Amino acid sequence: MNIQLKQANPDHLDTIMDVYLRCKKDLDEKGLLQWNEVYPSREYFEEEMTDGNLYVLMIDENIAGSATLNEWQSPEWSEIPWKLENEWVIHALFLDPLQQGNGLGKIFMEKCEEFAREKGFESIRLDAYSRNTGANYLYEKMGYEYRGSVYFTSKPEGHREYRCYEKALTL
1 MNIQLKQANP
11 DHLDTIMDVY
21 LRCKKDLDEK
31 GLLQWNEVYP
41 SREYFEEEMT
51 DGNLYVLMID
61 ENIAGSATLN
71 EWQSPEWSEI
81 PWKLENEWVI
91 HALFLDPLQQ
101 GNGLGKIFME
111 KCEEFAREKG
121 FESIRLDAYS
131 RNTGANYLYE
141 KMGYEYRGSV
151 YFTSKPEGHR
161 EYRCYEKALT
171 L
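Here the working numbering is used: the first residue of the sequence shown is 1, the next is one more, and so on.
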């Protein structure tokens, strides 16, 4: 099995949307209302792809997931007591529910970390929906340190808390 992290291109967009919608449906059915019609959306993915920030996890020649990787940080994060600098940020990371449960989430994160190191970044930051216990467990197991929570008022009442994490990367 050949697993790679690749920059997304326009030919990937329809598949990214299919995988994303499958993931969103799976999360919604579990009561994890972390995404809505506004974020992420097809327009979001198109814009991030145009900016060169959208990546896909490829298993052989099939898209298994996607993530935005860049230096942008949500304004809500300004209150978090971050400890590390020279950071890369992971946004809207998702893995096809059909591919979950076999260690690919960890591999996906390792590929993002490897790519960040190659680009010279010394740390990674991300946030995770507080009720998504699987994602939070994975990040903590992989050495991401919890730095505090932020609350997004754009989310439904009771679904606004996101846990912020960071991890030092060894270069």
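All C-beta atoms, glycine included, are put in the ideal place defined by N, C-alpha and C. Note that the structure is a prediction, hence the values are computed from the model and not measured.
In this structure, F108 is the residue among Q99, S41, D11, F108 with its C-alpha nearest to the C-alpha of M142. Three or more beta-carbon pairs separated by less than 8 Å are not found between the stretch 6-18 and the stretch 74-88, which leaves the two stretches without contact. Distance from the CA of K24 to the CA of A168, rounded to the nearest whole angstrom, comes to 29 Å. A Cβ-Cβ separation of about 4 Å places L54 in contact with E48 under the 8 Å criterion. The alpha-carbon of L5 is positioned some 11 Å away from that of L69.
Around the Cβ of D18, a 10 Å sphere holds fewer than 16 other Cβ atoms; the residue is exposed. For A8, no alpha helix (DSSP H) run applies, since DSSP gives it neither H nor E.
Judged by their CB atoms, Y165 and Y137 are not nearer to each other than the 8 Å cut-off.
Under the DSSP assignment, N70 falls in the beta strand (DSSP E) whose first and last residues are 62-70. Rounded to whole angstroms, the separation of the alpha carbons of V56 and A8 is 6 Å. The beta carbon of D96 lies closer than 7 Å to those of V19, R22, C23, A64, G65 in the same chain, with the five residues before and after it left out.
Restricting attention to E140, C112, S123, the CA atom closest to the CA of L84 is found in S123. Judged by beta-carbon spacing, Y144 lies beyond the 8 Å limit of Q34, meaning their Cβ atoms are not closer than that value.
Of the residues assessed, P81 falls on the exposed side of the cut-off, its CB having fewer than 16 other CB atoms within 10 angstroms. Between Y139 and the set H159, R163, F121, the nearest pair of CA atoms involves R163. When the beta-carbon positions are compared, A116 and A92 stay at least 8 Å from each other. In this structure, DSSP gives L57 an extended state, which the three-state scheme calls strand.
Restricted to the stretch 76-136, the beta strand (DSSP E) segments that are unbroken, complete and at least 3 residues in length are 87-95, 123-129, listed in chain order.
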